[in-house]
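Trainee: Just so you know, the sequence shown maps onto residues 997 to 1546 in the numbering used here.
In this text, a Cβ means the ideal position worked out from N, Cα and C, and glycines have one as well.
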Amino acid sequence: TSQQSQSRKITAKRGTIYDATGKYELAVSSSVEAVTINPTNISKENKEKVAKALSDIFELDYEKVLKRLNKRSSIETIVKQVEKSKTDELRKWMEENQITTGINIDEDSKRYYPYGDLAAQVIGFCGNDNQGLDGIEAKYNDELKGTNGKIERQTNAAGESLGDEEYISAIDGNSLILTIDMTIQSIVEKYLEEACIDNVCTDGGSIIAMNPKNGDILAMATYPAYDLNSPYEPHTDEQKAGWENLDSQDRTTAMQKMWRNKAISDTYEPGSVFKTITSSAALEEGIVTDIDKQGQFCCTGGIEVAGVRIKCWRYYRPHGSESLRLALMNSCNPVFIGLGQKIGVTKYYEYLRKFGLFNKTGIKLPGEANSIFIKEEKAGPVELATISFGQRFEITPLQMVTAVSSIANKGTYIKPRIVKSIINSETGEKTDMPVETGEQIISKENAEKVLSMMNSVVSEGTGKNAKVEGYQVGGKTGTSEDGVNTGKYVTSFCGVANTDDPQIVLLITLYNPTGEGGHQGGGVAAPVGGKILSEVLPYLDSKADIDKIM
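1. Within the chosen definition, does the stretch 1013-1020 reach the stretch 1087-1103 through at least 3 CB pairs nearer than 8 Å?
2. I'd like the ranges of any beta strand (DSSP E) spanning at least 3 consecutive residues and lying wholly in the stretch 1263-1341.
3. Just to confirm, are Ile1359 and Pro1430 a CB contact at a threshold of 8 Å?
4. Mapping the DSSP letters down to three states, classify Glu1422 as helix, strand or coil.
5. Compare the beta carbon distance of Glu1408 and Ile1437 with 8 Å and say whether it is the shorter of the two.
6. Would you mind reading off the limits of the beta strand (DSSP E) that contains Ala1260?
7. So does the stretch 1197-1206 actually touch the stretch 1253-1262, counting three or more Cβ pairs closer than 8 Å?
8. Would you mind giving the Cβ-Cβ distance between Pro1552 and Asp1130, rounded to the nearest angstrom? I have them listed as a contact below 8 Å.
9. Quick one: what does DSSP say Asp1212 is sitting in, helix, strand or coil?
10. Start and end of the alpha helix (DSSP H) containing Arg1087?
11. Based on the DSSP secondary-structure assignment, which residues constitute the bridge partners of Ala1030?
12. Tell me, to the nearest whole angstrom, how far the beta carbon of Ile1071 is from that of Asn1126; I am working on the premise that it is less than 8 Å.
13. Starting from Lys1374, follow its DSSP beta bridges and name the residues at the other end.
14. Thinking C-beta only, is Leu1502 closer than 8 Å to Cys1490?
15. Since I believe Pro1314 is in contact with Thr1296 (beta carbons under 8 Å), could you give me their beta-carbon distance rounded to a whole number of angstroms?
16. Flag this pair as yes or no: are the beta carbons of Ala1462 and Gly1519 separated by less than 8 Å?
17. For the candidate residues Leu1174, Gln1181 and Asp1102, whose alpha-carbon lies nearest to that of Ile1164?
18. For the candidate residues Ala1381, His1231, Thr1357 and Asn1326, whose alpha-carbon lies nearest to that of Ala1302?
19. In the DSSP assignment, find the beta strand (DSSP E) that holds Ala1493 and state where it starts and stops.
20. Confirm, please, whether the CB-CB distance from Lys1440 to Lys1271 is below 8 Å.
21. With respect to the beta strand (DSSP E) encompassing Ile1119, which residues constitute its N-terminal and C-terminal limits?
22. Under 8 Å, do Ser1026 and Lys1106 count as touching if we go by C-beta distance?
23. With H, G and I counted as helix, E and B as strand and the rest as coil, what does DSSP make of Pro1509?
24. Confirm, please, whether the CB-CB distance from Leu1394 to Ile1589 is below 8 Å.
25. Please check the pair Glu1175 and Ile1213, which I expect to be a contact at CB under 8 Å, by giving their CB distance rounded to whole angstroms.
26. Roughly how many angstroms separate the alpha carbons of Val1269 and Asp1496, rounded to a whole number?
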């Protein structure tokens, strides 16, 4: 008789994804089961009976199941990822009907997201075969997926088993601890959603919170989100509204838009938040030494650049005599254009490079976009002028928050990271991901000066709405037109707290707010920053106290 070998796989259990505290499981694999059949091992007279049982228990189409039973193949899959309660019904039926061969029930594993839409665009999801398709699930698929095992058995031509089955067990995937802190992520998402709804942001929004000391992304949120447990279905009422009428092509487009991590995949014009970068360069180049020297600058309502007059937003009542601190508090464009002219294109572009603005940050997430700047050799006086107050170029929110975090990190570039450590599934050993810093971009003293000015922006300038009692909050607001002449605005606020010892840098980006509150960063985005920080800062304090005791 000819021998045959039959093999069926044992699915490895995917590693767990934890939040930064290790307390919350953001993605878990639960044990479920799979049912396969060996058609050749089920006798002719039993085929219809088996088909009926399988289709009843698992709610399948009887004709289709029968077709599988009549195939001449050695193995056919009936169902995957079913709960044990269902397979137990099948076990009972097999016992009652004395059918012992030809039906196999094996361990399987199913991905489940306990918090539904929390950090959806960061975590991503898996396909039916437990393959990561987006977010961390895709980027770290090789770490998470593990190695499948198998059951092999030798049979004779009649399909009868020869001896024992050989069992090669599966090796589970490694687990990840993210830098995302569940508590901070939840606070951020709550206020992002509120802001997008209240201000009618037609294109949603994103928020990133970063620890400037080690680059940890404490929260990264995109609105609208989606439910990781059902990624192919619309999530918000708005998405549901038109869903029925979409053809499959449009549905695919809508889903991809829904899955998109705006914080890293979309570029925008940062607007006045970028004046923190111009200030840094001007201080480091020694163009300004005393940030409180009154009368160092004078705003006349506009400035002439290569024959073009560029106006200050308050051209009808010019700011007049200003120090650098006042210029940042007033968000006065002519002062920053003047600084840009003094720094010059070559030097200015050098700072852009040092702040990491010409390269992707390299965060371990799929779909990171890069900035769009005019090439240095093509940048004339007008281009330099607009760049110095944050317009006519595009960067990602992640590049912006990284640049400000580098100022908050005493002037040293800090690379963002999203995974803190990897836990080996076999040994339980934890490997920490390195904290990566780059070059010293500006001196510690100059970094402190920029933070001190940002502090004044919040205590008495355009960022007043971001104040938090009992904390030193610094910040800068921004409003920019999205692209040229689209009539759409991007409104943002970047906050740092505490400015004397920064624990967190927060960037809020709202796309096209069309509500009654207008589209100015100070009125729309800064209050969101205030609300988030008033909950996050006490939480960080209590966490620091616990760490001291430990």
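Mentor: Taking the coordinates as given:
1. no
2. 1293-1295, 1298-1301, 1304-1307 and 1316-1318
3. no
4. coil
5. Here the sequence assigns Thr to residue 1408, which means Glu is not the residue at that position. Their beta carbons are under 8 Å apart, which means Thr1408 touches Ile1437 by this criterion.
6. The displayed chain sequence assigns Ile, not Ala, to residue 1260. Looking at the DSSP string, Ile1260 is not in any beta strand (DSSP E); the run it does join, the alpha helix (DSSP H), is Lys1258 to Ser1261.
7. yes
8. Nothing in the structure corresponds to residue 1552, since the chain is present only between 997 and 1546.
9. strand
10. Lys1080 to Glu1092
11. Asp1102
12. Actually they are not in contact, since the Cβ atoms of Ile1071 and Asn1126 sit about 19 Å apart, beyond 8 Å.
13. According to DSSP, Lys1374 bridges with nothing at all.
14. yes
15. 5 Å
16. no
17. Asp1102
18. Ala1381
19. Tyr1485 to Ala1493
20. no
21. Unbroken run through Ile1119 is the alpha helix (DSSP H), Ala1116 to Ile1119; no beta strand (DSSP E).
22. yes
23. strand
24. With the chain running from 997 to 1546 in the structure shown, residue 1589 is simply not present.
25. One detail in the question is off: residue 1175 reads as Thr in this sequence, not Glu. Correct: roughly 5 Å between the Cβ atoms.
26. 20 Å
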